[in-house]
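So the sequence shown is numbered by the numbering used here: it starts at 62 and just counts up by one.
All residues carry an ideal CB built from backbone N, CA and C; glycine is no exception.
The model shown is predicted, which means the values in this text are computed figures rather than measured ones.
The structure appears below as C-alpha coordinates.
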Amino acid sequence: MKIPQLRILATTYCGRRCIYCRPTGEGIPCESSNINIDTVIRISKLYKQYGGNEIKFTGGDPIFWDGLSKCIKILKQEVQIENIEIITRSPTIIDYIPNLISSGLDKLDFSLDTLSPTKHKQITGIDDLNELIDAITQCVNIGVKCKINTVVMNWINREEIFDLICWAEKIGIRKIKLLDVITDLHDDSSYKNKKYLYDIYNKTLQDLYVPLSEISQDLRTKSISERLIFQGGLGHPMNCFKLESGLEVIVKDHHNGAWYGELCISCVKFPCHDALMALRLTSDEKLQFCLLNENISLDISKLDERSLVSVFDNILDVYRKAFFVPSVE
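Shown next, in the form of C-alpha coordinates:
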(Lines of atoms letter the chains of each structure in order from A and count residues from 1; the text may use other names and numbers.)
(Lines give C-alpha, C1' and ligand atoms only; values in the text may rest on other atoms or scores of the structure.)
Protein backbone atom coordinates (compact mmCIF):
# COMPACT_ATOMS: atom_id res chain seq x y z
CA MET A 1 0.00 0.00 0.00
CA LYS A 2 1.31 3.42 -0.94
CA ILE A 3 1.12 5.92 1.93
CA PRO A 4 1.54 9.54 0.80
CA GLN A 5 3.63 12.04 2.68
CA LEU A 6 1.36 14.21 4.84
CA ARG A 7 2.06 17.90 4.33
CA ILE A 8 0.71 20.27 6.96
CA LEU A 9 0.06 23.79 5.66
CA ALA A 10 0.63 25.49 8.98
CA THR A 11 -0.09 29.04 7.82
CA THR A 12 -0.84 30.90 4.62
CA TYR A 13 1.58 33.69 5.63
CA CYS A 14 5.17 33.87 4.42
CA GLY A 15 5.79 37.61 3.91
CA ARG A 16 7.22 37.12 0.40
CA ARG A 17 5.96 37.26 -3.17
CA CYS A 18 8.06 34.67 -5.01
CA ILE A 19 7.52 34.97 -8.73
CA TYR A 20 6.75 31.27 -9.27
CA CYS A 21 4.40 30.88 -6.30
CA ARG A 22 0.91 32.03 -5.31
CA PRO A 23 0.07 33.96 -2.12
CA THR A 24 -1.37 30.92 -0.32
CA GLY A 25 1.59 28.74 -1.26
CA GLU A 26 0.61 25.06 -1.38
CA GLY A 27 -2.87 25.71 -0.06
CA ILE A 28 -6.06 26.11 -2.00
CA PRO A 29 -6.82 29.86 -2.13
CA CYS A 30 -8.35 30.97 1.18
CA GLU A 31 -8.31 33.83 3.62
CA SER A 32 -5.09 34.27 5.58
CA SER A 33 -5.15 31.73 8.38
CA ASN A 34 -3.17 29.59 10.81
CA ILE A 35 -3.93 25.94 11.39
CA ASN A 36 -5.46 24.64 14.62
CA ILE A 37 -3.02 22.40 16.50
CA ASP A 38 -5.82 20.04 17.58
CA THR A 39 -6.68 19.45 13.92
CA VAL A 40 -3.07 18.59 13.14
CA ILE A 41 -2.92 16.06 15.98
CA ARG A 42 -6.30 14.60 15.04
CA ILE A 43 -5.33 13.96 11.42
CA SER A 44 -1.79 12.88 12.27
CA LYS A 45 -3.06 10.16 14.61
CA LEU A 46 -5.25 8.77 11.83
CA TYR A 47 -2.35 9.01 9.39
CA LYS A 48 -0.13 7.06 11.81
CA GLN A 49 -2.80 4.37 12.30
CA TYR A 50 -2.80 3.74 8.55
CA GLY A 51 0.99 3.38 8.50
CA GLY A 52 2.06 6.94 7.68
CA ASN A 53 5.36 8.18 9.13
CA GLU A 54 6.39 11.24 7.09
CA ILE A 55 5.10 14.71 7.91
CA LYS A 56 6.34 17.95 6.41
CA PHE A 57 5.25 21.39 7.62
CA THR A 58 4.84 23.82 4.73
CA GLY A 59 2.74 26.89 4.05
CA GLY A 60 3.17 29.83 3.63
CA ASP A 61 6.16 29.58 5.90
CA PRO A 62 5.57 27.38 8.96
CA ILE A 63 8.17 29.24 10.98
CA PHE A 64 5.54 31.94 11.48
CA TRP A 65 3.09 29.54 13.11
CA ASP A 66 3.27 29.89 16.89
CA GLY A 67 2.27 26.28 17.49
CA LEU A 68 5.12 24.71 15.49
CA SER A 69 7.49 23.56 18.27
CA LYS A 70 4.68 22.37 20.54
CA CYS A 71 3.07 20.46 17.69
CA ILE A 72 6.31 18.76 16.63
CA LYS A 73 6.91 17.64 20.24
CA ILE A 74 3.43 16.06 20.45
CA LEU A 75 3.79 14.40 17.04
CA LYS A 76 7.12 12.85 18.03
CA GLN A 77 6.34 11.86 21.63
CA GLU A 78 2.63 11.02 21.57
CA VAL A 79 1.80 10.20 17.96
CA GLN A 80 5.29 8.74 17.32
CA ILE A 81 5.79 10.07 13.82
CA GLU A 82 9.24 8.96 12.70
CA ASN A 83 10.21 11.72 10.28
CA ILE A 84 9.23 15.39 10.62
CA GLU A 85 10.50 18.13 8.31
CA ILE A 86 9.80 21.80 7.85
CA ILE A 87 10.48 24.01 4.84
CA THR A 88 11.34 27.69 5.23
CA ARG A 89 12.90 30.64 3.49
CA SER A 90 13.11 32.83 6.58
CA PRO A 91 16.45 33.74 8.21
CA THR A 92 14.60 33.95 11.54
CA ILE A 93 14.71 30.14 11.63
CA ILE A 94 18.01 30.52 13.48
CA ASP A 95 16.14 31.96 16.48
CA TYR A 96 13.86 28.92 16.69
CA ILE A 97 16.03 26.01 15.60
CA PRO A 98 17.33 25.00 19.06
CA ASN A 99 13.77 24.66 20.34
CA LEU A 100 12.62 22.88 17.17
CA ILE A 101 15.46 20.37 17.41
CA SER A 102 14.78 19.70 21.08
CA SER A 103 11.11 19.18 20.18
CA GLY A 104 12.10 16.45 17.73
CA LEU A 105 12.52 18.06 14.30
CA ASP A 106 14.38 15.64 12.01
CA LYS A 107 15.12 17.67 8.88
CA LEU A 108 15.09 21.25 7.69
CA ASP A 109 14.50 22.30 4.08
CA PHE A 110 15.51 25.75 2.85
CA SER A 111 14.21 27.38 -0.32
CA LEU A 112 17.14 29.09 -2.05
CA ASP A 113 17.17 29.93 -5.76
CA THR A 114 20.25 32.09 -6.23
CA LEU A 115 23.48 33.35 -4.66
CA SER A 116 22.92 36.83 -6.11
CA PRO A 117 21.41 39.37 -3.67
CA THR A 118 19.89 41.31 -6.59
CA LYS A 119 18.20 38.25 -8.09
CA HIS A 120 17.08 37.04 -4.66
CA LYS A 121 15.28 40.33 -4.04
CA GLN A 122 13.69 40.19 -7.49
CA ILE A 123 12.54 36.59 -7.00
CA THR A 124 11.21 36.94 -3.44
CA GLY A 125 10.54 40.65 -3.00
CA ILE A 126 12.78 40.65 0.11
CA ASP A 127 16.40 41.80 0.39
CA ASP A 128 17.73 39.26 2.91
CA LEU A 129 19.91 36.79 1.00
CA ASN A 130 22.99 37.32 3.19
CA GLU A 131 20.96 36.72 6.33
CA LEU A 132 19.39 33.60 4.83
CA ILE A 133 22.75 32.15 3.79
CA ASP A 134 24.13 32.89 7.25
CA ALA A 135 21.16 31.07 8.85
CA ILE A 136 21.66 28.05 6.57
CA THR A 137 25.35 27.92 7.38
CA GLN A 138 24.74 28.16 11.12
CA CYS A 139 22.17 25.36 10.98
CA VAL A 140 24.59 23.11 9.10
CA ASN A 141 27.39 23.93 11.55
CA ILE A 142 25.34 22.86 14.57
CA GLY A 143 24.54 19.54 12.95
CA VAL A 144 21.02 20.08 11.59
CA LYS A 145 20.16 17.86 8.60
CA CYS A 146 19.54 20.47 5.91
CA LYS A 147 18.36 20.26 2.32
CA ILE A 148 18.20 23.05 -0.27
CA ASN A 149 15.23 23.36 -2.65
CA THR A 150 15.91 25.33 -5.83
CA VAL A 151 13.44 26.20 -8.59
CA VAL A 152 15.36 26.27 -11.87
CA MET A 153 14.37 29.22 -14.05
CA ASN A 154 15.44 30.18 -17.56
CA TRP A 155 16.81 33.72 -17.88
CA ILE A 156 17.21 33.98 -14.09
CA ASN A 157 19.24 31.25 -12.39
CA ARG A 158 19.74 28.49 -14.98
CA GLU A 159 23.39 29.40 -15.51
CA GLU A 160 24.27 29.39 -11.80
CA ILE A 161 22.82 26.01 -10.83
CA PHE A 162 26.24 24.37 -10.67
CA ASP A 163 27.55 27.32 -8.66
CA LEU A 164 24.75 26.62 -6.17
CA ILE A 165 25.71 22.95 -6.11
CA CYS A 166 29.36 23.83 -5.44
CA TRP A 167 28.31 26.21 -2.67
CA ALA A 168 26.18 23.50 -1.08
CA GLU A 169 29.13 21.09 -1.18
CA LYS A 170 31.42 23.70 0.36
CA ILE A 171 29.28 24.44 3.42
CA GLY A 172 28.38 20.81 4.08
CA ILE A 173 24.83 20.49 2.74
CA ARG A 174 24.03 16.84 2.10
CA LYS A 175 21.12 17.23 -0.35
CA ILE A 176 19.97 19.79 -2.90
CA LYS A 177 16.72 19.36 -4.83
CA LEU A 178 16.18 20.99 -8.22
CA LEU A 179 12.57 21.60 -9.29
CA ASP A 180 11.06 22.78 -12.55
CA VAL A 181 8.69 25.74 -12.76
CA ILE A 182 4.99 24.94 -12.28
CA THR A 183 3.77 26.53 -15.48
CA ASP A 184 0.24 25.25 -14.75
CA LEU A 185 -0.08 28.10 -12.26
CA HIS A 186 0.16 30.79 -14.90
CA ASP A 187 -3.51 30.54 -15.83
CA ASP A 188 -4.67 29.85 -12.27
CA SER A 189 -6.81 32.67 -10.86
CA SER A 190 -5.03 32.26 -7.51
CA TYR A 191 -1.64 33.11 -9.06
CA LYS A 192 -1.43 36.85 -8.41
CA ASN A 193 2.25 37.45 -9.22
CA LYS A 194 1.83 37.42 -13.00
CA LYS A 195 2.11 41.21 -13.34
CA TYR A 196 4.98 41.35 -10.81
CA LEU A 197 6.93 38.77 -12.83
CA TYR A 198 6.23 40.57 -16.10
CA ASP A 199 7.18 43.98 -14.70
CA ILE A 200 10.55 42.71 -13.45
CA TYR A 201 11.62 40.33 -16.21
CA ASN A 202 9.13 40.88 -19.04
CA LYS A 203 8.57 37.11 -18.87
CA THR A 204 5.80 34.62 -18.16
CA LEU A 205 6.03 31.39 -16.15
CA GLN A 206 6.17 29.51 -19.44
CA ASP A 207 9.17 31.62 -20.45
CA LEU A 208 10.96 30.61 -17.24
CA TYR A 209 10.53 26.89 -17.81
CA VAL A 210 13.73 24.86 -18.20
CA PRO A 211 13.68 21.16 -19.22
CA LEU A 212 15.53 19.57 -16.31
CA SER A 213 16.65 16.70 -18.52
CA GLU A 214 19.42 19.05 -19.67
CA ILE A 215 20.72 19.40 -16.12
CA SER A 216 20.34 15.68 -15.44
CA GLN A 217 22.51 14.93 -18.44
CA ASP A 218 25.23 17.24 -17.12
CA LEU A 219 24.99 15.65 -13.67
CA ARG A 220 25.49 12.17 -15.14
CA THR A 221 28.97 13.21 -16.23
CA LYS A 222 29.82 14.51 -12.76
CA SER A 223 28.22 11.93 -10.46
CA ILE A 224 29.50 8.60 -9.10
CA SER A 225 26.02 7.00 -8.93
CA GLU A 226 22.40 7.57 -9.95
CA ARG A 227 19.14 6.14 -8.63
CA LEU A 228 15.40 6.81 -8.87
CA ILE A 229 13.51 7.85 -5.76
CA PHE A 230 9.85 8.61 -4.97
CA GLN A 231 8.32 10.70 -2.22
CA GLY A 232 6.29 8.31 -0.07
CA GLY A 233 6.30 5.84 -2.96
CA LEU A 234 4.23 8.30 -5.02
CA GLY A 235 4.64 11.47 -7.00
CA HIS A 236 7.16 11.92 -9.78
CA PRO A 237 10.18 9.62 -10.09
CA MET A 238 13.15 11.79 -9.18
CA ASN A 239 16.70 11.25 -10.40
CA CYS A 240 19.12 11.28 -7.46
CA PHE A 241 22.77 11.87 -8.36
CA LYS A 242 25.51 11.31 -5.79
CA LEU A 243 28.65 13.40 -6.23
CA GLU A 244 32.14 12.50 -5.02
CA SER A 245 31.76 14.94 -2.12
CA GLY A 246 28.78 12.93 -0.85
CA LEU A 247 26.25 15.61 -1.87
CA GLU A 248 23.08 14.19 -3.40
CA VAL A 249 21.47 16.25 -6.16
CA ILE A 250 17.80 15.35 -6.60
CA VAL A 251 16.13 16.39 -9.85
CA LYS A 252 12.34 16.59 -9.76
CA ASP A 253 11.31 16.76 -13.40
CA HIS A 254 7.55 16.48 -13.94
CA HIS A 255 8.21 15.01 -17.40
CA ASN A 256 9.36 11.81 -15.69
CA GLY A 257 5.72 10.83 -15.23
CA ALA A 258 3.72 10.52 -12.00
CA TRP A 259 1.12 8.63 -10.00
CA TYR A 260 -2.53 9.61 -10.47
CA GLY A 261 -5.93 8.57 -9.10
CA GLU A 262 -9.29 8.06 -10.76
CA LEU A 263 -10.35 11.56 -9.64
CA CYS A 264 -7.50 12.98 -11.76
CA ILE A 265 -8.80 11.64 -15.06
CA SER A 266 -11.68 14.12 -15.30
CA CYS A 267 -9.48 17.09 -14.32
CA VAL A 268 -8.79 19.57 -17.11
CA LYS A 269 -5.13 19.74 -15.97
CA PHE A 270 -4.53 15.97 -16.29
CA PRO A 271 -1.75 14.96 -16.65
CA CYS A 272 -0.30 17.70 -14.48
CA HIS A 273 2.74 19.00 -12.67
CA ASP A 274 1.70 17.88 -9.18
CA ALA A 275 -0.27 14.60 -9.33
CA LEU A 276 -0.69 12.46 -6.18
CA MET A 277 2.67 13.27 -4.65
CA ALA A 278 1.26 14.00 -1.17
CA LEU A 279 -1.84 14.55 0.94
CA ARG A 280 -2.14 18.09 2.26
CA LEU A 281 -3.93 19.36 5.35
CA THR A 282 -4.64 23.03 4.75
CA SER A 283 -4.72 25.79 7.34
CA ASP A 284 -8.50 26.12 6.85
CA GLU A 285 -9.04 22.42 7.67
CA LYS A 286 -9.37 20.80 4.27
CA LEU A 287 -7.72 17.64 3.01
CA GLN A 288 -6.31 18.50 -0.39
CA PHE A 289 -5.15 16.03 -3.04
CA CYS A 290 -3.16 18.41 -5.21
CA LEU A 291 -1.91 21.94 -5.72
CA LEU A 292 -3.94 22.75 -8.76
CA ASN A 293 -7.60 21.80 -8.41
CA GLU A 294 -9.59 23.18 -5.50
CA ASN A 295 -12.56 21.00 -6.45
CA ILE A 296 -10.81 17.84 -5.24
CA SER A 297 -10.48 18.73 -1.57
CA LEU A 298 -12.60 17.77 1.43
CA ASP A 299 -13.67 20.01 4.31
CA ILE A 300 -13.15 18.09 7.56
CA SER A 301 -13.78 20.93 10.01
CA LYS A 302 -17.24 19.71 11.07
CA LEU A 303 -16.81 15.94 10.90
CA ASP A 304 -17.25 13.80 14.02
CA GLU A 305 -14.71 11.04 14.69
CA ARG A 306 -16.63 8.23 12.98
CA SER A 307 -17.23 10.32 9.86
CA LEU A 308 -13.62 11.45 9.80
CA VAL A 309 -12.32 7.87 9.94
CA SER A 310 -14.60 6.90 7.05
CA VAL A 311 -13.58 9.92 4.98
CA PHE A 312 -9.88 9.37 5.69
CA ASP A 313 -10.10 5.72 4.65
CA ASN A 314 -11.80 6.75 1.39
CA ILE A 315 -9.09 9.33 0.80
CA LEU A 316 -6.30 6.82 1.26
CA ASP A 317 -8.14 4.47 -1.08
CA VAL A 318 -7.40 6.99 -3.84
CA TYR A 319 -3.70 6.49 -3.16
CA ARG A 320 -4.04 2.71 -2.81
CA LYS A 321 -5.52 2.56 -6.32
CA ALA A 322 -3.11 5.07 -7.84
CA PHE A 323 -1.78 4.30 -11.33
CA PHE A 324 1.42 5.46 -12.96
CA VAL A 325 1.48 7.53 -16.15
CA PRO A 326 5.02 7.16 -17.56
CA SER A 327 5.35 10.51 -19.30
CA VAL A 328 3.60 13.85 -19.62
CA GLU A 329 5.27 14.93 -22.85
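C-alpha distance - residue i paired with residue j, whole-angstrom precision
i, j, result
"residue 152", "residue 193", "4 Å"
"residue 373", "residue 380", "11 Å"
"residue 313", "residue 335", "11 Å"
"residue 321", "residue 297", "10 Å"
"residue 199", "residue 233", "11 Å"
"residue 267", "residue 139", "45 Å"
"residue 264", "residue 388", "27 Å"
"residue 238", "residue 108", "26 Å"
"residue 304", "residue 311", "11 Å"
"residue 73", "residue 360", "17 Å"
"residue 165", "residue 137", "6 Å"
"residue 119", "residue 135", "18 Å"
"residue 329", "residue 272", "23 Å"
"residue 259", "residue 247", "12 Å"
"residue 347", "residue 382", "21 Å"
"residue 337", "residue 295", "7 Å"
"residue 75", "residue 131", "20 Å"
"residue 111", "residue 191", "43 Å"
"residue 357", "residue 371", "17 Å"
"residue 367", "residue 342", "19 Å"
"residue 216", "residue 363", "47 Å"
"residue 218", "residue 275", "14 Å"
"residue 88", "residue 340", "11 Å"
"residue 333", "residue 228", "32 Å"
"residue 291", "residue 99", "30 Å"
"residue 82", "residue 178", "19 Å"
"residue 231", "residue 160", "27 Å"
"residue 86", "residue 369", "26 Å"
"residue 326", "residue 355", "15 Å"
"residue 278", "residue 183", "29 Å"
"residue 141", "residue 365", "23 Å"
"residue 225", "residue 378", "40 Å"
"residue 223", "residue 331", "32 Å"
"residue 391", "residue 129", "Because the chain in this structure spans residues 62 to 390, residue 391 falls outside the shown range and cannot be described."
Buried versus exposed call for residue i [16 or more other C-beta atoms within 10 Å across all chains shown]
i, result
"residue 172", "buried"
"residue 385", "exposed"
"residue 300", "buried"
"residue 375", "exposed"
"residue 16", "Here the chain comprises residues numbered 62 to 390, so residue 16 is not present and cannot be evaluated."
"residue 241", "buried"
"residue 289", "exposed"
"residue 133", "buried"
"residue 203", "exposed"
For residue j and residue i, believed in contact at Cβ under 8 Å, the rounded distance
i, j, result
"residue 244", "residue 262", "Not really, about 15 Å apart at Cβ, beyond 8 Å."
"residue 71", "residue 121", "7 Å"
"residue 117", "residue 146", "4 Å"
"residue 167", "residue 148", "About 13 Å separates the two Cβ atoms, so there is no contact after all."
"residue 256", "residue 309", "Rounded, the Cβ-Cβ distance is 37 Å, inconsistent with contact."
"residue 254", "residue 80", "5 Å"
"residue 213", "residue 207", "The Cβ separation is near 19 Å, so there is no contact."
"residue 221", "residue 175", "6 Å"
"residue 306", "residue 94", "About 42 Å; that fails the 8 Å criterion."
"residue 143", "residue 114", "4 Å"
"residue 391", "residue 293", "Nothing in the structure corresponds to residue 391, since the chain is present only between 62 and 390."
"residue 155", "residue 205", "At roughly 10 Å, the Cβ-Cβ gap does not stay under 8 Å, so residue 155 and residue 205 are not in contact."
"residue 77", "residue 150", "7 Å"
"residue 323", "residue 302", "In fact, because the Cβ distance is near 34 Å, the residues do not count as touching under 8 Å."
Stretch-stretch touch, CB-based, cutoff 8 Å, three pairs: the stretch 185-192 with the stretch 122-142: no
Report yes or no: do three or more beta-carbon pairs, one from the stretch 339-352 and one from the stretch 277-284, lie closer than 8 Å? no
Count the C-beta pairs between the stretch 65-84 and the stretch 98-117 that are closer than 8 Å, then say yes if the count reaches three, no if not. yes
Taking only runs of the beta strand (DSSP E) that begin and end inside the stretch 207-264, which ones reach a length of at least 3 residues, in chain order? 207-213 and 236-241
Enumerated in chain order, which unbroken segments of the beta strand (DSSP E) with a length of 3 residues or greater are wholly contained in the stretch 258-338? 286-292, 295-303, 309-313 and 319-321
In the stretch 66-147, which residue ranges form an unbroken beta strand (DSSP E) of at least 3 residues, counting only runs that do not cross its ends? 66-72 and 115-120
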